[in-house]
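Notes follow the structure.
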């Protein structure tokens, strides 16, 4: 079988698996966040943290819970790295420096998992498992909690309460992420991923020297890394490393893990607002963009321009031969259209246009299907913008899911969509204008600029993947990407929760003959157009200087 049909078959198999679990998983998550019953282990956790699960929260209190919990996570993870040299299970590694400790703490707490270090040469077992793996769970649970709070804003009426953050956090972790990750880890171990607490081993002699590898609880971290759309690898090669991703089957399975919760949350949304067709409209929007980007990526990477590519049959530089161009293209698109950041190939080695497609996926706001939770609330913000534009076109007051979209709602949505582009473009401009940061660029010209632009796009959108040609382990990049990650994660959440509170306080608007039917294909098409146009208008000048200039050269 040729590489192109093989890639198409992988895509079809993946779509079939996602379709198979969409309804049961989405409905289950809706029950998790709607139930009044608390499990015994959850009651113990509430008692331990001093939370009252029966208390409803208005949006300012919910936001304070998100920020307080996340700030505690940043401090704990920072101190854990700074004390690594005196901790057991450090594998002889010294404590991590202040700038890198801050960057890594910000990275994992914000669900970004940007790594400016070699995992197997920097982090011992305690930091990996007690620090990084724990944040993989709870940062994903925070994202789902904020998304569910926004969904409640649409579903509830005449109340300012949008749920209880501590209940949503605990339930997301205990009832969804932990059991699913446990099953996924068993599958990965059965397929060859390692799971141990082994020390450092010398493996053979190579050109007068020895190759050293250390073990670790890799399969368990790999499972939640993908399932929670985190992306941080145990090893520097990430999901291209055979200890993390041993076979073509595990490669497809890991892509499935990346996508399964974000796509299924659209079902959760539909069930909770009382109209599963509304969930299918959002799903159709996400799926259209995802499939379209995969088709574009495969086309650019299979195109045979130049003698080297013609001889290889495709653009093979930076690709893992076990997975081929098809598997690598699906992985690259899925990881950049979500907030995952895991890689099974190196995006800097993609064709100029292929690297631009990966970058554009993040610039959309990672909403097709996006991260665990963040993808859903991101595309719902875009839906609010689309409804507003449609209302202007026909001269009606815009409504969405029975709620009026007035000046307050549209201001909150507008500020939300402006935050991330501002962070990306401002930090990229400073990095290129100052004398020192450009020294980190491996390549000159358009590709070098793409390395910097990709770094800040990845950081501000909480993705975590890198263009792999930029030395980001400098004080400048550790500090600025860390700041971009924190602002890119929590500033948008302020406006999401404020919007949720505003919507929850409204009374429902009755459906009339003039109401825009937002569950119809026409609205899904409008939403796709709005997403692409807003992103294009925002980022086209920067893309023209980087990947477009390189791809068209």
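In this note's numbering, the protein residues as written are 1 to 553. C-beta: ideal position from N, C-alpha, C; glycine also.
Measuring CB atoms only, is the stretch 98 to 116 touching the stretch 447 to 463, in the sense that at least three cross pairs come out at less than 8 Å? The stretch 98 to 116 and the stretch 447 to 463 touch, with no fewer than 3 CB-CB distances between them shorter than 8 Å.
Report the residue ranges of all alpha helix (DSSP H) runs contained in full by the stretch 460 to 499; include only those spanning at least 4 residues, in chain order. none
Pick out whichever of 472, 508, 533 has its Cα sitting closest to the Cα of residue 159. The sequence position of residue 159 within the chain shown is 159, counting from 1. Ranking 472, 508, 533 by Cα distance to residue 159 puts 508 first.
Just the Cα atoms here: how many angstroms apart are residue 132 and residue 229? As a first step, residue 132 is located in the chain shown; it is residue number 132 there, counting from the start. As a first step, residue 229 is located in the chain shown; it is residue number 229 there, counting from the start. Each residue's Cα considered, the two are about 14 Å apart.
Identify the residues that DSSP records as bridge partners of residue 214: which are they? Position 214 of the chain shown, counted from the first residue, corresponds to residue 214. 200.
Across which residues does DSSP place residue 399 in a beta bridge pair? Position 399 of the chain shown holds residue 399. Per DSSP, 404.
DSSP three-state call for residue 161: helix, strand or coil? Counted from its first residue, the chain shown places residue 161 at position 161. Strand, per DSSP.
Taking the alpha carbon of residue 478 as the reference point, which residue from 104, 85, 21 has its own alpha carbon closest? Along the chain shown, one-based indexing puts residue 478 at 478. Nearest to residue 478 by alpha-carbon distance, out of 104, 85, 21, is 104.
Nearest-angstrom Cα separation, counted from residue 491 out to residue 419: Here residue 419 refers to the residue found at position 419 when the chain shown is read from its first residue. Here residue 491 refers to the residue found at position 491 when the chain shown is read from its first residue. Approximately 8 Å between the Cα atoms of the pair.
Look up residue 441 in the DSSP assignment and give the residues it is bridged to. Reading the chain shown from its first residue, position 441 is the one you call residue 441. BP columns for residue 441 point to 470.
Could you check if residue 511 is buried or exposed, using at least 16 other CB atoms within 10 Å of its CB as the buried criterion? Translated into the one-based positions of the chain shown, residue 511 becomes position 511. Exposed: under 16 other Cβ atoms inside 10 Å.
For residue 37, name the three-state secondary structure that DSSP assigns. Counting from 1 along the chain shown, the entry for residue 37 is found at position 37. Three-state DSSP puts residue 37 in coil, outside helix and strand.
If you run the structure through DSSP and keep just helix, strand and coil, what is residue 277? As a working note, residue 277 is residue 277 in the chain shown. Helix, per DSSP.
Go to residue 574, then tell me how far its alpha helix (DSSP H) extends in each direction, as first and last residue. The requested residue 574 does not occur in the structure, where the chain is confined to residues 1 to 553.
Pop quiz: residue 53 and residue 167 are said to be a contact at Cβ under 8 Å. What is the actual Cβ separation, rounded to whole angstroms? If you number the chain shown from 1, residue 53 lands on position 53. If you number the chain shown from 1, residue 167 lands on position 167. Sure, about 5 Å apart at Cβ, within 8 Å.
Below 8 Å, how does it come out for the stretch 25 to 40 and the stretch 60 to 73: are there three or more Cβ pairs, yes or no? no
Keeping to the same chain, check which residues put their C-beta closer than 7 Å to that of residue 470; ignore five residues upstream and five downstream. In the chain shown, counting from the first residue as 1, residue 470 sits at position 470. Same-chain partners within the cutoff: 440, 441, 442, 451, 452, 455.
Where does the unbroken alpha helix (DSSP H) through residue 103 begin, and where does it stop? Taking the chain shown and counting its residues from 1, the one referred to as residue 103 is at position 103. Unbroken alpha helix (DSSP H) run through residue 103: 98 to 109.
Alpha-carbon spacing of residue 554 relative to residue 93, whole angstroms: In the structure as shown, the chain starts at 1 and stops at 553, and residue 554 therefore has no counterpart that could be examined.
What does the alpha-carbon distance come out to for the pair residue 236 and residue 486? Counted from its first residue, the chain shown places residue 236 at position 236. Counted from its first residue, the chain shown places residue 486 at position 486. Cα to Cα, residue 236 sits roughly 23 Å from residue 486.
On the premise that residue 339 lies in contact with residue 318, defined as a C-beta separation below 8 Å, what is that separation, rounded to the nearest angstrom? Along the chain shown, read from residue 1 onward, the residue named residue 318 stands at position 318. Along the chain shown, read from residue 1 onward, the residue named residue 339 stands at position 339. Not confirmed; about 22 Å, so no contact.
How many Å lie between residue 154 and residue 55 at the Cα? Within the chain shown, numbered from 1, the residue matching residue 154 stands at position 154. Within the chain shown, numbered from 1, the residue matching residue 55 stands at position 55. If I take the Cα positions, the gap works out to 20 Å.
Where residue 535 and residue 392 are concerned, what is the direct C-alpha to C-alpha distance, given to the nearest angstrom? The count along the chain shown starts at 1 and reaches residue 535 at position 535. The count along the chain shown starts at 1 and reaches residue 392 at position 392. Taking the straight line joining both Cα atoms gives about 20 Å.
For residue 221, which residues of its own chain have a beta-carbon under 6 Å away from its beta-carbon, when the five flanking residues on both sides are left out? By 1-based counting over the chain shown, the position of residue 221 is 221. Closer than 6 Å at the Cβ level, and outside the excluded window around residue 221, lie 133, 234.
Just to confirm, are residue 163 and residue 62 a CB contact at a threshold of 9 Å? Taking the first residue of the chain shown as position 1, residue 163 is located at position 163. Taking the first residue of the chain shown as position 1, residue 62 is located at position 62. Cβ atoms of residue 163 and residue 62: closer than 9 Å.
Check whether the Cβ atoms of residue 144 and residue 261 lie closer than 9 Å to each other. Position 144 of the chain shown, counted from the first residue, corresponds to residue 144. Position 261 of the chain shown, counted from the first residue, corresponds to residue 261. Yes, the pair counts as a contact, with Cβ atoms nearer than the cut-off.
From which residue to which residue does the alpha helix (DSSP H) around residue 530 run? Mapped onto the chain shown, residue 530 falls at position 530. Its alpha helix (DSSP H) spans residues 521 to 545.
Residues near residue 21 in its chain [Cβ-Cβ closer than 7 Å; skip 5 each side]: For the purposes of this step, residue 21 is identified with residue 21 of the chain shown, where counting begins at 1. Closer than 7 Å at the Cβ level, and outside the excluded window around residue 21, lie 260, 264.
On the three-state DSSP scale, how would you describe residue 58? What you label residue 58 is simply residue 58 of the chain shown in a count that begins at 1. Of the three classes helix, strand and coil, the one that applies to residue 58 here is strand, per DSSP.
Can you tell me whether residue 346 is helix, strand or coil according to DSSP? Position 346 of the chain shown holds residue 346. Of the three classes helix, strand and coil, the one that applies to residue 346 here is coil, per DSSP.
Considering Cα atoms alone, identify which of 189, 447, 289, 481 is closest to residue 101. Within the chain shown, the letter at position 101 stands for residue 101. Ranking the options by Cα distance to residue 101, first place goes to 481.
I need the boundaries of the alpha helix (DSSP H) containing residue 136, first residue and last residue. Stepping through the chain shown from its first residue, residue 136 is reached at position 136. Counted as a single uninterrupted DSSP element, the alpha helix (DSSP H) harbouring residue 136 occupies residues 134 to 155.
Residue 413 and residue 532 - do their beta-carbons sit closer together than 9 Å? Position 532 of the chain shown, counted from the start, is the residue given in the question as residue 532. Position 413 of the chain shown, counted from the start, is the residue given in the question as residue 413. Taking 9 Å as the Cβ cut-off, residue 532 and residue 413 do not qualify as a contacting pair.
As a quick exercise: from 343, 28, 548, pick the residue whose alpha carbon is nearest that of residue 271. By one-based count along the chain shown, residue 271 stands at place 271. It is 28.
Environment of residue 107 [buried if 16+ CB atoms lie within 10 Å]: Residue numbering aside, residue 107 sits at position 107 when the chain shown is read from its first letter. Counting Cβ neighbours within 10 Å, residue 107 comes out buried, since at least 16 surround it.
From this set, 10, 537, 527, 518, which residue's C-alpha is nearest residue 252's C-alpha? Residue numbering aside, residue 252 sits at position 252 when the chain shown is read from its first letter. The candidate whose alpha carbon is nearest that of residue 252 is 10.
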